[in-house]
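S.K.:
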Amino acid sequence: MPDSIYHPQTDSAELQLAERGYKQELPRKLSMMSILGLSFAIMAVPFGISTTMSIGLTDGQYVTIFWGWFVVSLISICISASLAEICSVFPTSGGVYYWAAMISPKKWAPLASWVTGWLTLVGNWTVTTSICFSGGQLILSSITLWREDFAPNSWQTVLMFWAVMLACAVVNYFFSKYLDLINTACIYWTGSSVIIILVVLLAMADTRNSGKTVFAHYDASASGWRPSWAFFVGLLQAAYTLTGYGMVASMCEEVQNPEHEVPKGMVLSVAAAGLTGIIYLLPVLFTLPMDKIQYLLEAPGGMPIGIFFKLVTGSPGGGFGLLFLLLGILAFAGIGALTAASRCTYAFARDGAIPGSKYWKHVDHRFETPSGGLALSTIICCLLGLIYFGSSAAFNAFTGVATICLSASYALPVFISLVQKRHAVANAPFKLGTILGYFVNIVTVCWILLATVLFCMPTAIPVTKETMNYASVVFMGFFSISAAWYVAWGRKNFHGPPEIANAIKHEIHEFDGINTLGDSEKLDATQENVYVVEGLAPEEEVTRHLSKH
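Numbering (the working numbering), first residue to last: 312 to 860.
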């Protein structure tokens, strides 16, 4: 394994990508602001906090909602900084799965990349599902502003979810060229919405809570958990919202100078999201009537935010006006999440790790989008929505699985880097330093170990069929699929990214030319690429051998 694959003297991002064994297929049009906007859109702070508010209200109320947000924000900055440092060394669409392969010992690199890849892939799919599903629920909940007895049935909920998914897919396919503009617009829409909601709530509320209530009132009686444990279970509200920032690593191949711009955008977006959450939560908590909490928890579909807006403004129209701002944030969040999911799917399929990879790695150059990855992501998300027919707690399953899978996929490369004494990031363009680097890496791994347990818990007990947290069930379903595919095909044919595959092949055979992995779809499709692996051959020799094969 070479000490460093990153070549700071190379100015061309395309050449660096070719050296890693990949062809530049998507145009590099995105800026740091666009990456910041995309990450900010995926987290969708006001939308995420609002759609999961019932979790915080159940598990501790004011203290859990506010201080839980504050704690998770600080931890999320540590996680994003850990990821950004590694991303600056290996800026490809493969993201965490590519990083895990490159910093692992060659013997374990294929397995590390397989496990991490499937975790991040499932995480991307379930985050997208949860955003669009909660968006569909939020749209339907707006009807209750005028008809309080309205309770959407399963078909209405799933059909609305599919409509949101379709709208996001259409924008991603036909308007991919305008992603830079869309992502930037998200920042302005979200910022404006938070300010408007803040002013309206504080100006129109009949009563306001004291600072003691907002910062110190704790009541977890509705959860059934012990008060101390309920606080940790309630952290899912903040953790779910602050979880999608690592997904933007899959956009590296569409950014100029990705080794600098993507890490900066990733960390800044989390810091901005944390601050935005505090600004949004304070007026909400100061105007949240304590005597109406149980009434809000009984809101149809588990979406109390619309009714809360109605209570404060005093009219259905006023409530919908504020709700409309959140629906705008939903639009950006759904589009952004599906964008990242499609790139992640494309990157993993490009290396032959998904059944039917040759279809899912297809890129439509006319619309500048990975159409195969977009199609598969949309199909999987729509199928996941069918879980709602079996349980009304499907949304909790989506949020739990998304948080668990993405968090675990973030932890693996960070943990491997720690085990390797952080040698891979010694010369990282985005460098944290030795002491700070070890600190944020250790915080990242420890928090994610705790979070994996926490977010399999139901938000309240005793547990029924309707309130069960099916996150572990969905997680094990995807685990079984990936494990079966690995046993049937992956263990013999999947060798990780091209650099790892070529290095492993070279160790098995004396170098007598560049060896393609005959059974691997990924190298069949990239014969025109330039494969450069340090220690094997100069670039000219590699190119000459490729032309023979």
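Heads up, the beta-carbon is just placed ideally off N, CA and C, and yes, glycines get one too. A quick note: this is a predicted structure, and the numbers were derived from the prediction, not measured.
Among ALA658, GLN548, GLY557, whose alpha-carbon lies nearest the alpha-carbon of PRO574?
M.R.: Sequence index remark: in the sequence shown, residue 574 carries index 263 (1-based). Among ALA658, GLN548, GLY557, the Cα nearest to that of PRO574 belongs to GLY557.
S.K.: Is THR437 closer than 8 Å to TYR408 when the C-beta atoms are compared?
M.R.: Along the sequence shown, read from residue 1 onward, the residue named residue 408 stands at position 97. Along the sequence shown, read from residue 1 onward, the residue named residue 437 stands at position 126. No.
S.K.: Express the C-alpha separation of SER453 and ALA423 in angstroms, rounding to a whole number.
M.R.: Stepping through the sequence shown from its first residue, residue 423 is reached at position 112. Stepping through the sequence shown from its first residue, residue 453 is reached at position 142. Approximately 45 Å, taken between the alpha carbons.
S.K.: Would you give the residue range spanned by the alpha helix (DSSP H) that MET787 belongs to?
M.R.: Translated into the one-based positions of the sequence shown, residue 787 becomes position 476. Start and end: 782–796.
S.K.: Could you give the residue range of the alpha helix (DSSP H) that holds ILE346?
M.R.: The residue labelled residue 346 in the question sits at position 35 within the sequence shown. 343–354 is the span of the alpha helix (DSSP H), which, as asked, contains ILE346.
S.K.: For ARG331, does the three-state DSSP call read helix, strand or coil?
M.R.: Against the sequence shown, residue 331 aligns to sequence position 20. In this structure, ARG331 counts as strand in the three-state DSSP scheme.
S.K.: Please classify PHE485: is it buried, with 16 or more other beta-carbons within 10 angstroms of its beta-carbon, or exposed?
M.R.: Start at 1 with the first residue of the sequence shown, and residue 485 comes out as number 174. Exposed: under 16 other Cβ atoms inside 10 Å.
S.K.: In the structure shown, what three-state DSSP assignment does GLY371 receive?
M.R.: The count along the sequence shown starts at 1 and reaches residue 371 at position 60. Of the three classes helix, strand and coil, the one that applies to GLY371 here is strand, per DSSP.
S.K.: Suppose the cutoff is 7 Å on Cβ atoms and the five residues either side in sequence are ignored; what does the same chain contact list for ILE386 look like?
M.R.: As a working note, residue 386 is residue 75 in the sequence shown. Excluding positions up to five away in sequence, the list reads VAL754, TRP758.
S.K.: May I ask you to report which of helix, strand or coil DSSP gives THR837?
M.R.: The residue given as residue 837 occupies position 526 in the sequence shown. A caution first: THR837 carries a pLDDT of 38, below 50, which makes its placement in the model too unreliable to give a value.
S.K.: Which of the three DSSP states is assigned to THR524 in this structure?
M.R.: Taking the first residue of the sequence shown as 1, we reach residue 524 at position 213. Correct three-state label for THR524: helix.
S.K.: Spell out a yes or no on whether the segment 629–643 and the segment 602–620 are touching, meaning 3 or more CB-CB pairs, one atom from each, closer than 8 Å.
M.R.: As far as the Cβ criterion goes, the segment 629–643 touches the segment 602–620, which means the pair count is three or higher.
S.K.: At which residue ranges does the segment 661–721 contain complete alpha helix (DSSP H) runs of 4 or more residues, listed in the order of the chain?
M.R.: Counting only runs of 4 or more, we get 668–671, 682–695.
S.K.: Can you check whether the CB of GLY629 is closer than 8 Å to the CB of MET343?
M.R.: Here residue 343 corresponds to residue number 32 of the sequence shown, with the count starting at 1. Here residue 629 corresponds to residue number 318 of the sequence shown, with the count starting at 1. For MET343 and GLY629, no; Cβs fall outside 8 Å.
S.K.: Indicate whether the contact test is met: 3 or more Cβ pairs, each with one atom in the segment 672–680 and one in the segment 412–428, closer than 8 Å.
M.R.: At 8 Å Cβ cutoff, the stretches do not touch.
S.K.: Taking 7 Å as the limit between beta carbons, can you name the residues of its chain near GLN731, skipping five residues before and five after?
M.R.: Numbered from its first residue, the sequence shown carries residue 731 at position 420. Around GLN731: ILE414.
S.K.: State whether the segment 369–384 contacts the segment 556–572, with contact taken as three or more CB pairs (one from each stretch) at a distance under 8 Å.
M.R.: The segment 369–384, when compared against the segment 556–572, does not touch it at the 8 Å Cβ threshold.
S.K.: Name the DSSP beta bridge partners of ASP530, please?
M.R.: As a first step, residue 530 is located in the sequence shown; it is residue number 219 there, counting from the start. The partner list for ASP530 (beta bridge, DSSP) reads GLY371.
S.K.: Identify every residue that forms a DSSP beta bridge with VAL566.
M.R.: Position 255 of the sequence shown, counting from 1, holds the residue named residue 566. Answer by DSSP bridge pairing, in chain order: LEU341.
S.K.: Alpha carbon to alpha carbon, what distance is there between LEU451 and SER539?
M.R.: Counting from one through the sequence shown, the residue named residue 539 turns up at place 228. Counting from one through the sequence shown, the residue named residue 451 turns up at place 140. Cα to Cα, the separation comes out at about 35 Å.
S.K.: Closest by CA to SER728, which one among ALA412, VAL566, ILE640?
M.R.: In the sequence shown, counting from the first residue as 1, residue 728 sits at position 417. Closest option to SER728, Cα to Cα, is ALA412.
S.K.: Going by Cα to Cα distance, which pick from PRO338, GLY371, THR375, SER393 is closest to GLY748?
M.R.: Locating residue 748 in the sequence shown gives position 437, where the first residue counts as 1. When each option's Cα is compared against that of GLY748, the closest is SER393.
S.K.: Since GLY535 and ILE772 should fall inside the 8 Å C-beta cutoff, what is the C-beta to C-beta distance between them, to a whole number of angstroms?
M.R.: The residue you call residue 535 lines up with position 224 of the sequence shown. The residue you call residue 772 lines up with position 461 of the sequence shown. GLY535 to ILE772, Cβ: 4 Å. Contact.
S.K.: So, is GLY801 buried or exposed, given that buried needs 16 or more other C-beta atoms within 10 angstroms?
M.R.: For the purposes of this step, residue 801 is taken as residue 490 along the sequence shown, with counting starting at 1. With 16 or more Cβ atoms within 10 Å of its Cβ, GLY801 is classed as buried.
S.K.: Looking at LEU553 and the ligand SAH, is the gap between the Cβ and the nearest heavy atom below 7 Å?
M.R.: Although the ligand SAH was asked about, the structure shown includes no ligands whatsoever.
S.K.: Would DSSP call CYS757 helix, strand or coil?
M.R.: Against the sequence shown, residue 757 aligns to sequence position 446. Three-state DSSP puts CYS757 in a helix.
S.K.: Please say whether SER384 and GLY613 have beta carbons closer to each other than 8 Å?
M.R.: Sequence index remark: in the sequence shown, residue 613 carries index 302 (1-based). Sequence index remark: in the sequence shown, residue 384 carries index 73 (1-based). No, the Cβ-Cβ distance between GLY613 and SER384 is not below 8 Å.
S.K.: Figure out for me which residue from TYR551, ASP491, GLY647 has the closest Cα to the Cα of THR909.
M.R.: This structure gives no information on residue 909, because the portion of the chain shown stretches from 312 to 860.
S.K.: Looking only at its chain, what residues have a beta carbon closer than 8 Å to the beta carbon of LEU368, apart from the 5 residues adjacent to it on each side?
M.R.: For the purposes of this step, residue 368 is taken as the residue at position 57 of the sequence shown. Within the same chain, LEU368 has close Cβ partners ILE376, ALA533, ILE604, LEU607, LEU608, PRO615.
S.K.: Beta carbon of ASN435, beta carbon of ALA664: below 8 Å?
M.R.: Mapped onto the sequence shown, residue 435 falls at position 124. Mapped onto the sequence shown, residue 664 falls at position 353. Not a contact, by the Cβ cut-off of 8 Å.
S.K.: Just to confirm, is the Cβ distance from GLU564 to LEU765 under 8 Å?
M.R.: Indexing the sequence shown from 1 puts residue 564 at position 253. Indexing the sequence shown from 1 puts residue 765 at position 454. Not closer than 8 Å, so no.
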